[in-house]
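Trainee:
In structure tokens, the structure reads:
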């Protein structure tokens, strides 16, 4: 029984070593893609605010004013989220060699 537990533990460590690094790399890639999409979204919101500012001369609407305030707040929060995501350090890379059992002779 002890032998099967040890074998299972070694197999688990090997699986983590083999599949863990690509999974972390993939997650990191997806996070960077998400940040790019957020930046594009912020640019679109800023464009919409600019258009609203130009048309504001012609209309006075409390709901539109509130939407403008909310849009500016959303931009601030999105920029803070991007800044935080970019500050998070990358996870350490686990070297493959130490996790593998020594070769049998």
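Numbering (our numbering), first residue to last: 4 to 108.
We treat Cβ as the ideally placed atom computed from N, Cα and C, and that holds for glycine.
No experiment lies behind these values; they were computed from the predicted model shown.
#1: Is DSSP giving residue 73 helix, strand or coil here?
#2: Report the three-state DSSP secondary structure of residue 57 (helix, strand or coil).
#3: Between the stretch 67-74 and the stretch 39-46, do at least 3 Cβ pairs fall closer than 8 Å?
#4: Within its chain, find whatever has a CB closer than 7 Å to the CB of residue 77; leave out the 5 residues flanking it on each side and keep chain order.
#5: Among 72, 84, 107, 104, which one has its Cα closest to the Cα of residue 35?
Mentor: Working from what's here:
#1: helix
#2: helix
#3: no
#4: 48
#5: 84
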